[in-house]
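One rule links them: number in the working numbering = place in the sequence shown (from 1) + 4.
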Amino acid sequence: MKFLLDTNVISEIRKRERAHPNVVMWVAQTPVKDIGTSVIVLAEIRRGIELKRRSDPGQAEGFDRWFAQMRTRLGDRVLTIDEPIAEAWARLSVPHPLPLIDGLLAATAKVHGLTLVTRNIADVARTGVSILDPFSSR
5 MKFLLDTNVI
15 SEIRKRERAH
25 PNVVMWVAQT
35 PVKDIGTSVI
45 VLAEIRRGIE
55 LKRRSDPGQA
65 EGFDRWFAQM
75 RTRLGDRVLT
85 IDEPIAEAWA
95 RLSVPHPLPL
105 IDGLLAATAK
115 VHGLTLVTRN
125 IADVARTGVS
135 ILDPFSSR
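Okay, structure coming up:
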């Protein structure tokens with residue numbers, strides 16, 4: 005695995021034909037085995053589905069099916085938060101605090117030597133972690 009996908013990238017991929025063309029192109033050019041994510045991203049997506057369930061249960065059912073398929077395709081390419089990641093997050097968050105989720109994703113990328121693929125460049129740029137914004141025209 006070389007790339008750690010943030011929630012905004014996975015959500016964009018889900019849009020299929022409505023997805024940003026640069027994201028579509030990046031995904032098409034990147035071997036599946038090189039793409040993974042974090043349990044935090046899965047939690048953010050699950051939370052979004054549960055919020056949607058309150059207003060549109062039918063659409064939430066569709067998201068449930070998509071989530072199950074996406075999770076199956078990811079296989080073992082979902083990283084957990086462990087002690088080294090927690091310590092890296094703490095170091096990256098001083099002296100200027102990072103948003104918790106973005107900071108934990110940056111720490112995960114740092115510990116595992118991955119590139120964080122996100123649209124939230126401003127939130128993690130100062131961490132020194134390798135970052136790629138697939139939405140940009142490059």
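Glycine is no exception: its CB is placed at the ideal position from the N, C-alpha and C atoms. Quantities reported herein were computed from a predicted structural model and do not represent experimental measurements.
Nearest to A92 by alpha carbon, out of M29, R58, D10 and G117?
Among M29, R58, D10 and G117, the Cα nearest to that of A92 belongs to G117.
Taking the runs of the alpha helix (DSSP H) that are 4 residues or longer, which of them lie wholly in the segment 87–141?
The segment 87–141 contains these whole alpha helix (DSSP H) runs: 87–96, 104–116 and 125–128.
With a 10 Å radius around its C-beta and 16 neighbouring C-beta atoms as the bar for buried, classify S42 as buried or exposed.
By the 10 Å Cβ count, S42 comes out buried.
Counterpart residues of I39 in DSSP-defined beta bridges
F7.
Pair within 9 Å by beta-carbon distance, L120 and I105:
no
Let me make sure I understand the geometry here. Which of T76, T84, V27 and G107 has the alpha-carbon closest to that of A129?
G107
Between the Cα of I125 and the Cα atoms of S97, S140 and V115, which residue gives the shortest distance?
Closest by C-alpha distance to I125, out of S97, S140 and V115, is S140.
Which partner residues of L83 appear in the DSSP bridge assignment?
S42
If you drop the 5 nearest sequence neighbours on each side, which residues of the same chain put their C-beta closer than 8 Å to that of H100?
R130
Alpha-carbon spacing of R77 relative to D60, whole angstroms
C-alpha of R77 to C-alpha of D60: approximately 26 Å in a straight line.
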